[in-house]
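These notes concern the structure reproduced below.
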Amino acid sequence: MSRIRRTLAFGLALMVSLAIVGGFFGRDVPFFDSLAHFRAHLAVILFALAVLLLFSRSVLGAIVSAAIAAYAAVTVFAYVVPQPAGTASAPAGRTALTLLQMNLKYDAEAQPAIATIEQVKPDIVTMQEINQRWLDAMNGLNAVYPYRVVCGAGHHGGVAIFSKLAFASPTANCHATDGFVAQRLDLGNGRGLTVASEHLEWPWPHRQGLQMASLGRVLPALEQPDLVSGDFNAVAWSGTVQRFAEATSTRPVHGIGPTWLARELPDVLRPLIGLPIDNILVSKDVEVLAVARQPATASDHLPVLLHFTVAPAQPAAATAATSDKTRP
Numbered sequence: 015m016s017r018i019r020r021t022l023a024f025g026l027a028l029m030v031s032l033a034i035v036g037g038f039f040g041r042d043v044p045f046f047d048s049l050a051h052f053r054a055h056l057a058v059i060l061f062a063l064a065v066l067l068l069f070s071r072s073v074l075g076a077i078v079s080a081a082i083a084a085y086a087a088v089t090v091f092a093y094v095v096p097q098p099a100g101t102a103s104a105p106a107g108r109t110a111l112t113l114l115q116m117n118l119k120y121d122a123e124a125q126p127a128i129a130t131i132e133q134v135k136p137d138i139v140t141m142q143e144i145n146q147r148w149l150d151a152m153n154g155l156n157a158v159y160p161y162r163v164v165c166g167a168g169h170h171g172g173v174a175i176f177s178k179l180a181f182a183s184p185t186a187n188c189h190a191t192d193g194f195v196a197q198r199l200d201l202g203n204g205r206g207l208t209v210a211s212e213h214l215e216w217p218w219p220h221r222q223g224l225q226m227a228s229l230g231r232v233l234p235a236l237e238q239p240d241l242v243s244g245d246f247n248a249v250a251w252s253g254t255v256q257r258f259a260e261a262t263s264t265r266p267v268h269g270i271g272p273t274w275l276a277r278e279l280p281d282v283l284r285p286l287i288g289l290p291i292d293n294i295l296v297s298k299d300v301e302v303l304a305v306a307r308q309p310a311t312a313s314d315h316l317p318v319l320l321h322f323t324v325a326p327a328q329p330a331a332a333t334a335a336t337s338d339k340t341r342p
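Per the working numbering, numbering through the sequence shown is continuous, rising by one, with the last residue being 342.
Here is the structure:
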């Protein structure tokens with residue numbers, strides 16, 4: 015390899031390495047958090063550059079580049095590789111529930127999404143970009159999902175929760191500007207679950223950071239256990255989703271895989287260059303049995319189906335005993 019090509023490969027490896035490393039500081043620098051969304055892609059590029067450096071006898075550069083790429087790959091692996099097919103059984107005494115997460119795409123054809131809901135028959139549906147046109151198209155689902163809340167259904171759509179399970183509260187926690195709605199569901203036997211539908215805008219230089227700041231007091235106040243599902247326009251390893259998870263006392267579900275790809279690109283590229291920005295966050299009392307992307311609708315986002323169960327309510331006596339044990 016010529017000296018010019020070797021220098022070029024080294025320079026590119028340095029720039030890609032800096033972009034990857036910067037992404038780990040996204041919680042403090044919004045620009046770096048935007049870079050973090052492409053960590054998986056950058057890791058692949060850096061691996062290729064490491065091979066080029068090795069062939070050009072830049073051994074140290076190759077080793078450092080490969081090490082950075084490997085570390086980056088490890089941090090994203092659980093989120094970019096889909097979970098194997100199959101559903102675990104719910105523990106004895108618990109009811110298995112299903113939730114379908116969908117970014118409908120405000121101007122997309124409605125029938126494919128409705129057909130998916132009718133086929134999957136989830137207990138709960140969280141939706142984003144739902145507008146009046148979508149609500150009219152979904153009138154046929156009224157009997158199946160009698161409990162529903164819609165927040166901010168303007169032209170480009172708002173967020174919504176459709177449920178077969180009754181609501182535990184007559185009022186929802188709606189913040190349309192921040193693309194957020196939450197509703198407490200009654201699971202019976204004294205157990206409830208807070209379900210939220212979230213639609214954040216794109217990260218820096220867009221409004222995502224402002225939305226997160228606005229939700230600063232809303233998220234920690236959500237009643238536990240809770241489950242947040244939505245189009246975060248942010249990958250699970252980003253500073254944005256990590257902050258969201260901390261604020262809601264939740265963790266991102268592993269094994270969903272890439273869900274978004276620009277509609278102009280062929281769907282076959284989704285596993286290779288798509289972004290896993292449709293995320294589901296669950297609290298410690300929510301046990302994930304399985305999660306899987308569903309076939310494409312007319313949206314640029316794939317639906318995601320979650321099978322889960324919720325731990326039974328802890329008896330008051332047991333709670334008091336636990337508190338006594340922890341009292342100094």
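Just so it is clear, CB atoms sit at the ideal spot from N, CA and C, and this is done for glycine as well.
R198 to H220 span [Cα, whole Å]: Each residue's alpha carbon lies about 30 Å from the other.
DSSP three-state assignment for Q125, whether helix, strand or coil: helix
Three-state class that DSSP yields for R284 in the structure shown: DSSP places R284 in helix when its eight states are reduced to three.
Contiguous alpha helix (DSSP H) assignments of at least 4 residues, all confined to the region 66-152: 73-94, 125-134 and 146-151
Whether A259 touches I291 by CB criterion (9 Å): no
Inter-residue spacing [alpha-carbon to alpha-carbon] between T336 and L295: Confidence at T336 is low in this model, with a pLDDT of 48, below 50, so the placement of that residue is unreliable and no value is reported for it.
Given 8 Å, three or more beta-carbon pairs between the region 122-131 and the region 301-314: With a cut-off of 8 Å, the region 301-314 and the region 122-131 count as touching, because enough Cβ pairs lie within range.
Test item: CB-CB of L241 and V300 under 9 Å: yes
Distance, G100 Cα to S183 Cα: 34 Å
Contacts around W216, its chain only, beta-carbon distance under 8 Å, and the 5 residues preceding and following it disregarded: Q222 and N247
Reduced DSSP secondary structure (H/G/I, E/B, other) of L236: coil
Cβ-Cβ separation, L319 to A98 (assumed contact under 8 Å), whole Å: Reading the sequence as shown, one finds Pro at residue 98 and not Ala. Not really, about 14 Å apart at Cβ, beyond 8 Å.
Cβ-based neighbour list, R17, same chain, cut-off 8 Å, excluding 5 preceding and 5 following: none
Among W251, A261 and D192, nearest to S228 - alpha-carbon criterion: D192
DSSP-derived helix/strand/coil call for P44: P44 falls in the helix class under three-state DSSP.
9 Å Cβ cutoff met for A23 and S103: no
Three CB pairs or more closer than 8 Å across the region 137-145 and the region 115-125: Contact holds between the region 137-145 and the region 115-125, because three or more Cβ pairs, one in each stretch, are under 8 Å apart.
Neighbourhood of A261 by C-beta, 8 Å cutoff - its chain only, sequence neighbours within 5 removed: Once the five neighbours on either side are set aside, the close Cβ partners of A261 are L229, G230, L233 and P234.
Simplified DSSP assignment, three categories, for G244: strand
Beta-carbon gap between G244 and A210 smaller than 9 Å: yes
Spatial neighbours of A180 in its chain, beta-carbon cut-off 8 Å, leaving aside the 5 residues before and after: Y161, L199 and D200
Assumed close pair V324, P239 - CB separation to whole angstroms, cut-off 8 Å: 6 Å
Whole-angstrom distance between L279 and R41, CA atom to CA atom: 31 Å
Contact check, G37 vs F52, beta carbons under 9 Å: yes
Within 9 Å, strictly: CB atoms of A86 and A57: Remark: C-beta atoms of A86 and A57 approach each other more closely than 9 Å.
Proximity winner among V43, V65, T264 and A110, relative to A304 (alpha-carbon distances): A110
Cα-Cα separation between Q225 and D47, rounded to whole angstroms: Roughly 15 Å between the two C-alpha positions.
E346 - DSSP class collapsed to helix/strand/coil: Lying before the first or after the last residue shown, residue 346 is absent from the chain, which here runs from 15 to 342.
Spatial distance of Q308 from V134 (CA atoms): 9 Å
Cβ neighbours of L67 in the same chain (closer than 7 Å, five flanking residues each side left out): So the qualifying residues of the chain are A23, F24, A27, G75, A76 and S79.
7 Å Cβ shell around V94 - same chain, five flanking residues per side excluded: Contacts found: A54, G271, P272 and P290.
Run of the alpha helix (DSSP H) containing S228, from where it starts to where it stops: Membership of S228 in the alpha helix (DSSP H) is indicated by the continuous run Q222 to S228.
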